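Below is one structure, written out as structure tokens; comments come after it.
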Amino acid sequence: MARRKNSTEKLISSLIKDILPPPPDLTVSEWADQFRKLSSEASAEPGQWRTDRAPYQREIMDSVNDPELKKIVVMSSAQVGKSELLLNTVGYHVDFDPAPILLIQPTEDKAKAFSKERLAPMIRDTPVLRKKVADSKTRDGGNTTLQKAFPGGYIALGGANAPSGLASRPIRILLADEVDRFPVSAGSEGDPLSLAEKRTNNFYNAKKIFVSTPTNKGVSRIEKEFELSTQEHWNLPCPSCDEYQPLRWAQISFESVSHACKYCGSLHNEYEWKNQHGKWIAENPDSPTRGFHLNELVSPWSPWQKIIDDFKTAKKNGPEAMKVWVNTSLGETWEEDGEQVEEDELLARSEHYEASIPYGVKLLTAAVDVQDDRFEIEVVGWGSGKESWGIHYHTIYGDLKQQVIWDDLDEYLSRTWENVEGNRYSIACTCVDSGGHFTSEVYRFCAPRKVRRIFPIKGEGGNGGEHKPLLIGVSKRQREKVNLFRIGVDEGKAKVMSRLQVENQGPGYCHFPIGNGYGANYFKGLTAEKLVTRYKQGVPYQVWQKVRERNEPIDLRVYNTAALEILNPDLDNQTLMSQPKKRKRKRRRRSSRGM
Numbered sequence: 019m020a021r022r023k024n025s026t027e028k029l030i031s032s033l034i035k036d037i038l039p040p041p042p043d044l045t046v047s048e049w050a051d052q053f054r055k056l057s058s059e060a061s062a063e064p065g066q067w068r069t070d071r072a073p074y075q076r077e078i079m080d081s082v083n084d085p086e087l088k089k090i091v092v093m094s095s096a097q098v099g100k101s102e103l104l105l106n107t108v109g110y111h112v113d114f115d116p117a118p119i120l121l122i123q124p125t126e127d128k129a130k131a132f133s134k135e136r137l138a139p140m141i142r143d144t145p146v147l148r149k150k151v152a153d154s155k156t157r158d159g160g161n162t163t164l165q166k167a168f169p170g171g172y173i174a175l176g177g178a179n180a181p182s183g184l185a186s187r188p189i190r191i192l193l194a195d196e197v198d199r200f201p202v203s204a205g206s207e208g209d210p211l212s213l214a215e216k217r218t219n220n221f222y223n224a225k226k227i228f229v230s231t232p233t234n235k236g237v238s239r240i241e242k243e244f245e246l247s248t249q250e251h252w253n254l255p256c257p258s259c260d261e262y263q264p265l266r267w268a269q270i271s272f273e274s275v276s277h278a279c280k281y282c283g284s285l286h287n288e289y290e291w292k293n294q295h296g297k298w299i300a301e302n303p304d305s306p307t308r309g310f311h312l313n314e315l316v317s318p319w320s321p322w323q324k325i326i327d328d329f330k331t332a333k334k335n336g337p338e339a340m341k342v343w344v345n346t347s348l349g350e351t352w353e354e355d356g357e358q359v360e361e362d363e364l365l366a367r368s369e370h371y372e373a374s375i376p377y378g379v380k381l382l383t384a385a386v387d388v389q390d391d392r393f394e395i396e397v398v399g400w401g402s403g404k405e406s407w408g409i410h411y412h413t414i415y416g417d418l419k420q421q422v423i424w425d426d427l428d429e430y431l432s433r434t435w436e437n438v439e440g441n442r443y444s445i446a447c448t449c450v451d452s453g454g455h456f457t458s459e460v461y462r463f464c465a466p467r468k469v470r471r472i473f474p475i476k477g478e479g480g481n482g483g484e485h486k487p488l489l490i491g492v493s494k495r496q497r498e499k500v501n502l503f504r505i506g507v508d509e510g511k512a513k514v515m516s517r518l519q520v521e522n523q524g525p526g527y528c529h530f531p532i533g534n535g536y537g538a539n540y541f542k543g544l545t546a547e548k549l550v551t552r553y554k555q556g557v558p559y560q561v562w563q564k565v566r567e568r569n570e571p572i573d574l575r576v577y578n579t580a581a582l583e584i585l586n587p588d589l590d591n592q593t594l595m596s597q598p599k600k601r602k603r604k605r606r607r608r609s610s611r612g613m
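Counting from 1, position 541 in the sequence shown corresponds to residue 559 in the numbering used here; the numbering is continuous, with no gaps.
Structural data, given as structure tokens:
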């Protein structure tokens, strides 16, 4: 009887093996090459995924399969497919190696956007995933925008600014995207990256993958992680001498659009270099963390001519644009040149304007700082490359509870200024600070004047290192029927200070007149804050610190910069856009005496 039972079990086992063979032993890149489909709304090349399209991605993805490896770091430029690396890792674990997964974006809003715009299309268009993950529109309570369940695991998405999503359930696969944009602390809970890392402690086979373009030197999370890693660079052999080397910006020739070999000096074009078989070479091979660095020169989606053109444009537009280019094209941190500009240096370069509106100005903006007993106002002219001219700094004193001072403000903002040819300029956009003690009054003042683009604004700081753009968003105040613009003042101050350091007239340069309110006190206020590095639980972050009490001039210049971004004019291609043409005097028709 026992013999018959054993033979029956062997027969069943043999049948199961024939009918249901064990899954193949795939790596992440092999899984993607076999199953991953690229969506039309999320990719310029929809269809079947091909790792050979960007071969440097293969070893990064397959390092996820290394059982000895716990952490992977990718410091890179834009346009190299780093988001696809995360998506392929998610798809592999959903389909092939189920596990609880956490994917963190800098904010919860960005996590929702990533879920809708990148993750959901991948699941929809990849059949093996579509079968395992229910649509968030179904009644399945385990699948929402920020959480998607599948057999054997789930993927949760969260924002680094939302502590509730970072410290609850255990996680085996941690994916952190754009870590340089993470706040220093998730509310009062501490460093969001450390909080998330602790959730992997229960798994012996946990994986942590950190990805980001870098930001500022000294406070960049991804640079710090990369420096503790193997520090690997993608190397290609020279088509002439076969010596392996990374592609470096310093070796690019603008004239021939080619790259010079660091060993033999031979110049070869983009196709010749990218057609070679590359490999990753580590500078610190003994590190337990694998770290990869990529710049845009290796990308199959970024032609070298375009990168060169982008560099020339950024250089033309000043240090602010160059910082973005260094971060997003070279994948390197930005280091400010020199010290903060002193007020005496700015005062010394004041100049005499030939008219109220000097040559080069194309439009005017204004900013109003609302104090308890006065309005501080600055009018600024803007030209090509965001070159700026201070036009007038003015103060209106009075009781803000009385209508007369608001009427005086309205009269001032209605003024026009004249250039040397007699053309008149009016203010194209005005930002009025609503963050003081007269918020309701500011709303009531701005509401009927929105057709003149007079808008209330509210400044918001970085809250301990959180990166906020200059224009955070706009909200509708229903009761007052006014649009309130939220302004990231830290980013605004960084832009202003960067432009003040431009020494040559042209893009980004700041002109100041002799007189018109631009005296010594103005420049003391314009330089009343400096950027300092602080640490919170060991994490460095930068914050603006007052060195003098009166800082209205720098606030007003930030608000004027925001007004320009609200308008978003094409200053480089439009000529004197706010300058009306001189009216031609109409000739009086004279009738002929003969008639």
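Glycine included, each C-beta is placed from N, C-alpha and C at the ideal position. Here the structure is a predicted model, which is why all the values come from computation and not from measurement.
- Taking the C-beta atoms as reference points, residue 193 is found no nearer than 8 angstroms to residue 215.
- Here residue 422 is exposed, its C-beta having fewer than 16 other C-beta atoms within 10 Å.
- In terms of Cβ geometry, residue 46 and residue 93 do not form a close pair [threshold 8 angstroms].
- Secondary structure at residue 289: helix, using DSSP grouped into helix, strand and coil.
- Straight across, the Cα-Cα distance linking residue 576 with residue 266 is about 36 angstroms.
- Taking 8 angstroms as the upper bound for CB-CB distance, residue 314 and residue 61 are not in contact here, some 18 angstroms apart.
- Residue 416 and residue 391 have their alpha carbons spaced roughly 6 angstroms apart.
- Note on geometry: alpha-carbon atoms of residue 463 and residue 246 lie some 55 angstroms from one another.
- Between residue 527 and residue 368, the C-beta gap is not smaller than 8 angstroms, which leaves the two residues out of contact.
- Look at the beta carbons and you see the stretch 133-148 not touching the stretch 210-224: under three pairs across the two are nearer than 8 angstroms.
- Excluding residues up to 5 positions away in sequence, 332 lie with their Cβ nearer than 8 angstroms to the Cβ of residue 342 in the same chain.
- Residue 129 is positioned such that its CB atom lies no closer than 8 angstroms to that of residue 171.
- Listed in chain order, the non-local C-beta contacts of residue 228 below 6 angstroms within the same chain comprise 91, 194, 197 and 243, local neighbours out to five positions each way being set aside.
- Counting C-beta atoms within 10 angstroms of its own C-beta, residue 396 has 16 or more neighbours from the protein chains shown and is therefore classed as buried.
- In this structure, the beta-carbon distance from residue 571 to residue 371 does not fall below 8 angstroms.
- One alpha carbon belongs to residue 225, the other to residue 563, and they sit about 39 angstroms apart.
- Between the alpha carbons of residue 312 and residue 414 lies a gap of roughly 54 angstroms.
- In this structure, DSSP gives residue 424 a helical state, which the three-state scheme calls helix.
- Secondary structure of residue 255 (DSSP, three-state): strand.
- Secondary structure of residue 246 (DSSP, three-state): coil.
- The alpha-carbon separation between residue 131 and residue 177 amounts to approximately 11 angstroms.
- No Cβ-Cβ contact shorter than 8 angstroms links residue 293 with residue 276.
- With a minimum length of 3 residues, the unbroken runs of beta strand (DSSP E) contained wholly in the stretch 467-516 fall at 472-478, 489-495 and 500-506.
- Each of 120, 365, 479 and 503 was checked against the Cα of residue 190, and the nearest Cα belongs to 120.
- Judged by DSSP secondary structure, residue 443 falls within the beta strand (DSSP E) whose first and last residues are 442-451.
- Beyond the five residues adjoining it in sequence on each side, residue 88 comes within less than 8 angstroms, by CB distance, of 224, 225, 226, 306 and 307 in the same chain, given in chain order.
- Every unbroken stretch of the beta strand (DSSP E) spanning 3 or more residues and falling wholly within the stretch 171-212 is given here in chain order: 171-177 and 191-195.
- In this structure, residue 379 lies near residue 407, with their beta-carbon atoms less than 8 angstroms apart.
- Your pair residue 299 and residue 250 checks out as a contact, with CB atoms roughly 6 angstroms apart and the cut at 8 angstroms.
- Cβ-Cβ distances below 8 angstroms link residue 585 to 381, 383, 446, 447 and 471 in the same chain, with the five nearest sequence neighbours on each side left out; the list follows chain order.
- Annotation: residue 70 is outside any beta strand (DSSP E) and is labelled neither H nor E by DSSP.
- At the C-beta level, residue 338 and residue 517 come within 8 angstroms of one another.
- Proximity to residue 211 across 443, 51 and 239 peaks at 239, based on C-alpha coordinates.
- The C-alpha of residue 340 is placed about 25 angstroms away from the C-alpha of residue 263.
- For residue 266, the secondary structure class from DSSP, reduced to helix, strand or coil, is coil.
- Under the three-state reduction of DSSP output, residue 540 falls in the helix class.
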